[in-house]
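> Can you read through this structure? Questions will come right after.
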Amino acid sequence: MAFCRNCGAQLEENIKFCANCGCEVENVAAAARRTDYTAEYDALDISETKYLSLFCYIGIVFAIFALVAKPHSQFVRFHANQSLVLTLLAFACSIVMIIPLLGWIAGIVGYIFCFVCMIIGIINCCKGTAKELPIIGRIRIFR
Numbered sequence: 000m001a002f003c004r005n006c007g008a009q010l011e012e013n014i015k016f017c018a019n020c021g022c023e024v025e026n027v028a029a030a031a032r033r034t035d036y037t038a039e040y041d042a043l044d045i046s047e048t049k050y051l052s053l054f055c056y057i058g059i060v061f062a063i064f065a066l067v068a069k070p071h072s073q074f075v076r077f078h079a080n081q082s083l084v085l086t087l088l089a090f091a092c093s094i095v096m097i098i099p100l101l102g103w104i105a106g107i108v109g110y111i112f113c114f115v116c117m118i119i120g121i122i123n124c125c126k127g128t129a130k131e132l133p134i135i136g137r138i139r140i141f142r
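Counting from 0, one number per residue, gives the positions in the sequence shown under numbering that gives the first Met the number 0.
Printed below as a string of structure tokens:
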């Protein structure tokens, strides 16, 4: 059972447009695999805030600063959300590292993953793209 992403109406199988609002129906399988949301954001917003957004990945304090500096920027909000999820994962890795040996190994692997995701996020900001981070990118804490 699928629903329209515009109005929320229930959609019938194999239709191209919503009967309720006329919005084009996105292929559900393709939408589930999509990781690049750049087209959903205003190009002017991206060009004005892409370098501010990269500070989100440096630390949560900088993410809060970016949100305060540009509270209406959806591009900043996207990257601040990605940064917050990344920060929570790093916090979880530090908790796991309390466990001797296996926890240490899992924590170190997790920290390496966090570092790689941080670099990916910074590169995405510099390019002006809104791509999800690997594995953890689908998690939304705020919009």
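Ideal Cβ positions, reconstructed from N, Cα and C, are used throughout, including at glycine.
Computed from a prediction, not measured in an experiment: that's the story for all the values here.
Compare the C-alpha of L88 against each of C17, I111 and C20 and name the closest.
Selected option, being the one with the closest Cα: I111.
> Determine whether the beta carbon atoms of K49 and G127 lie at a separation below 9 Å.
Yes, Cβ-Cβ distance for K49 and G127 is below 9 Å.
> Work out the CA separation of A1 and A28 for me, nearest whole Å.
For A28, the predicted model reports a pLDDT of 49, less than 50, meaning its position is unreliable; a value from the coordinates is still stated below. Their backbone Cα atoms lie some 11 Å apart in a straight line.
> Would you mind reading off the limits of the alpha helix (DSSP H) that contains N80?
First-last of the alpha helix (DSSP H) with N80: Q73 to V95.
> Below 8 Å, can you find three or more Cβ-Cβ pairs linking the segment 5 to 18 to the segment 78 to 97?
No contact exists between the segment 5 to 18 and the segment 78 to 97.
> Work out the CA separation of P99 and R137 for me, nearest whole Å.
Their backbone Cα atoms lie some 31 Å apart in a straight line.
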